[in-house]
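Line by line, the protein sequences give chains X and B.
Under our numbering, think of the first position of the first sequence as 1, with each following residue one higher.
Under our numbering, think of the first position of the second sequence as 1, with each following residue one higher.
Structure first, commentary second.
Number of protein chains: 2
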Amino acid sequence: MAKLIIGIDVGGTKVAGGLVTLKGQLVKSQVVPTHADKGFKTSYGQIEYLIERLVKLAGGKDNVVGIGICAPGPLNPKAGIVINPPNLPGWRNIRLASLLENHFHLPAKVENDANAAGLAEVLFGAAVGYRDVFYVTVSTGVGTGVIINKKIYHGKNGVGGEGGHVSIDFRSPYRCGCGTLGCIEALAAGPAMARRARVALEQEHNKPSLLRELSGGDLRKIDPVMIQQAARRGDEVAKFIIDETGFFLGAWLGGMMSLFDPEAIIIGGGVAQIGKPLFDKIRQTMPSYTINRRFVAELPILPAKLQKNVGIFGAASVFLPSGEEAGAAA
Amino acid sequence: MAKLIIGIDVGGTKVAGGLVTLKGQLVKSQVVPTHADKGFKTSYGQIEYLIERLVKLAGGKDNVVGIGICAPGPLNPKAGIVINPPNLPGWRNIRLASLLENHFHLPAKVENDANAAGLAEVLFGAAVGYRDVFYVTVSTGVGTGVIINKKIYHGKNGVGGEGGHVSIDFRSPYRCGCGTLGCIEALAAGPAMARRARVALEQEHNKPSLLRELSGGDLRKIDPVMIQQAARRGDEVAKFIIDETGFFLGAWLGGMMSLFDPEAIIIGGGVAQIGKPLFDKIRQTMPSYTINRRFVAELPILPAKLQKNVGIFGAASVFLPSGEEAGAAA
């Protein structure tokens, strides 16, 4: 049997795991509930249980190269420590990599989910063929991964690559959960889109909008999916919100172009599903916010390719540090 | 005789050159006028002439490892091309590295001045002992160098590492020479400091300030040196301008901390001479503009060490790509 990597994606409600080949093919996958509310011991137990099942499915430990785990931050990938993820109550400075290595006698690595997803796109997804890539995922937050020479850039404490928390509006009244005023997550992620739509509709009480219908009249219920639906049906307010989101992302990515001059920018996450109107606005805005404007036209700005199992692929990716063996797949 | 590197710093008024040992000691230096106004042929001739003299001083070509040249951007270090520096009229897409290699039969490399200065600080200056460093020089512009694993980060087209052109104020009315609205160069470099001081004094006609005296009553003549002098003598407007500069730099460096989580930040250039009041404000501001706030307190934020000959050291540095042979010096 070919060598396999166990990729584990730890979320607040479920833990997804899979067996991934060195060529980037997912051959088996399994899901168990996290039982996060029952605290560390239970949720850690679920992870161990899932890995045990995957080791069996792999035909035993000898067929497994290692265990890659991705989880939401904050975490320290260099030390394999999960610091205190908001969605895993009771987890505090858990040496997850060591715990699993001691239990399974297999190498284990822990990685931040956006970093892992970025690497997975480079190894198996939209960025195959590129080495220096800026990866973005826009959903309830803005996560990024800086991939340099096909490796995740970590920084001194393992907390680098957090481009979602770079401010483009130092005067902004919007403070991100991270504490930064006006970082791109505070302006452009799903909740910020919903807030902007609500405010736009509150400012003009009489303005008709499909968003009033879709939210059942309760503007607090507006979400990015409604905005996308309304925009597709021609709603002006929804189209404006998407345009503004593209503008914010473009102004911010202009700065990333000045800093990284990457081979490609990959954009994933739920908000990226909006597609062409969003990507067009990003591309149109970037040249006004970078010294490297003359290279924007030829810069590939691509939608992410890995969707459903991006967490499993991402977790597995960290076990292909050079990425040399990997090819396009998924 | 020990092996030497020729380091050449091409400026608009003079070309400075020196012989630098592999340990980072400057053993000889020479300066010639650029004669930039006489066009490419003359100014290129001055560079060749200076290198010829340095080769002789080195005791012949056999003692020279290579020729490193730093110049203001835009340039492409990967291809060794100087694109079109504003202060070198007539230079347009000049293959400077190839020209010198063909003439001298020695390896030659061209580098952007801020990148080179950053590398020099890592190899010979304030950042000796660190591998991942964010270098900033604040003077008439804001130049930066991203040093990763003791190497300059270049990006795909050789134009990465331009952190001075990341916007922290997308709504700003101030457009940088690079075209970006509200990039840190447009807000915090010397000319922006002078502009802010002038506006502050125009807004309050009756407010006394040493800056009125120092500028001889012509507020357009205010420069960063006057602001620093006035602040030292307790002038309130001048102190406010410095404080605001530190705030802008801190908000921006907070974003750089989120992205790079560097081992150290080095700040050079004329504006950095302001010293403690500026550095204190930067350190005080950064935590409010980064997700990595818990690591700011222990982050070294150091003044640059190389002053007078930073261009020569920078140019020579690009010939020590690994930096392994270099030690503290200068």
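Virtual Cβ for every residue (Gly too), placed ideally from N, Cα, C.
Counting along the chain, leucine 187/X sits inside no beta strand (DSSP E); it lies in the alpha helix (DSSP H) bounded by residues 184–188. Non-local beta-carbon contacts of glycine 269/B in its own chain, meaning distances under 6 Å to residues more than five positions away in sequence, involve Thr137, Val138 and Ser139 in chain order. Within the stretch 152–229 of chain B, the alpha helix (DSSP H) runs of at least 4 residues that lie entirely inside it are, in chain order, 184–188, 190–203 and 210–214.
Using a CB distance cut-off of 7 Å, phenylalanine 240/X does not count as an interface residue toward chain B. With a 10 Å radius around the Cβ and a threshold of 16 neighbouring Cβ atoms, proline 173/X comes out exposed. Valine 55/B is outside the set of residues whose beta carbon lies under 7 Å from a beta carbon in chain X.
Here lysine 3/X carries a coil assignment [DSSP, helix/strand/coil]. Residue Asp9/B holds the alpha-carbon nearest to the alpha-carbon of leucine 88/B among Ser209/B, Asp218/B and Asp9/B. Bounds of the alpha helix (DSSP H) holding threonine 245/X are 236–260. Taking one beta carbon from each stretch, the stretch 288–308 of chain B and the stretch 173–190 of chain X have 3 or more pairs nearer than 8 Å; the two touch. Secondary structure of leucine 75/X (DSSP, three-state): strand.
Glutamine 25/B is not a Cβ neighbour of glycine 17/B, given a cutoff of 7 Å. The beta carbon of aspartate 132/B sits closer than 6 Å to those of Ile148, Pro262 and Glu263, all from its chain and outside the five residues before and after it, given in chain order. Leucine 181/X reaches chain B at Ala251, Ser288 and Tyr289, counting residues in chain order whose Cβ is nearer than 9 Å. Of the other Cβ atoms in all chains shown, fewer than 16 fall within 10 Å of the Cβ of histidine 205/B; this residue is therefore exposed. Excluding five sequence positions before and after valine 64/B, the CB atoms of its chain that fall closer than 7 Å to its own CB belong to Leu4, Ile6, Val55, Ala58 and Leu106, given in chain order.
The beta carbon of arginine 92/B is closer than 6 Å to those of Asn84 in its chain, skipping five residues each way along the sequence. With contacts defined by Cβ atoms closer than 7 Å, serine 317/X and leucine 119/X form a contacting pair. Within chain B, the residues placing a beta-carbon under 9 Å from that of isoleucine 148/X are Ile148 and Tyr153, ordered along the chain. Counting only unbroken stretches of 4 or more residues, the alpha helix (DSSP H) elements lying wholly within the stretch 29–106 of chain B are 40–57 and 96–104, in sequence order. Residues of chain X with a Cβ closer than 8 Å to the Cβ of histidine 205/B do not exist; the shortest Cβ-Cβ separation is about 26 Å. Here DSSP, grouped into helix, strand and coil, assigns lysine 109/B to strand.
Here the C-alpha atom of glycine 246/B lies approximately 5 Å from the C-alpha atom of lysine 281/B. Residue state for phenylalanine 319/X is assigned as coil, using DSSP reduced to three classes. Glutamate 121/B has a beta carbon lying at 7 Å or more from every beta carbon in chain X.
Looking at the DSSP output, isoleucine 291/X sits in no beta bridge, so it has no partner there.
Taking C-beta atoms as the reference points, lysine 221/B and alanine 231/B fail to come closer than 7 Å. The criterion of a C-beta distance shorter than 7 Å is not satisfied by alanine 315/B and alanine 127/B. The closest CA to that of valine 146/X, considering only Ala79/X, Ile227/X, Phe260/X and Leu219/X, is found on Phe260/X. Look at lysine 276/B here: in three-state DSSP terms it is helix. With its beta carbon at least 7 Å from every one in chain B, leucine 302/X lies outside the interface.
Apart from the 5 residues on each side of it in sequence, valine 142/B sits with its Cβ closer than 7 Å to the Cβ of Val136, Gly164, Ile184, Glu185, Ala188 and Ala189 in its chain, given in chain order. Contact between the stretch 66–85 of chain B and the stretch 97–111 of chain B is present, with at least three C-beta pairs closer than 8 Å.
For isoleucine 168/B, the residues of chain X that pass the 9 Å Cβ criterion are Val166, Ser167, Ile168, Asp169, Phe170, Gly182 and Gly255, in the order they occur in the chain.
In this structure glutamine 46/X is in contact with valine 15/X, their Cβ atoms being roughly 6 Å apart against a cut-off of 8 Å. In summary, alanine 251/B is buried, with 16 or more beta-carbon neighbours lying within 10 Å of its beta-carbon over all protein chains present.
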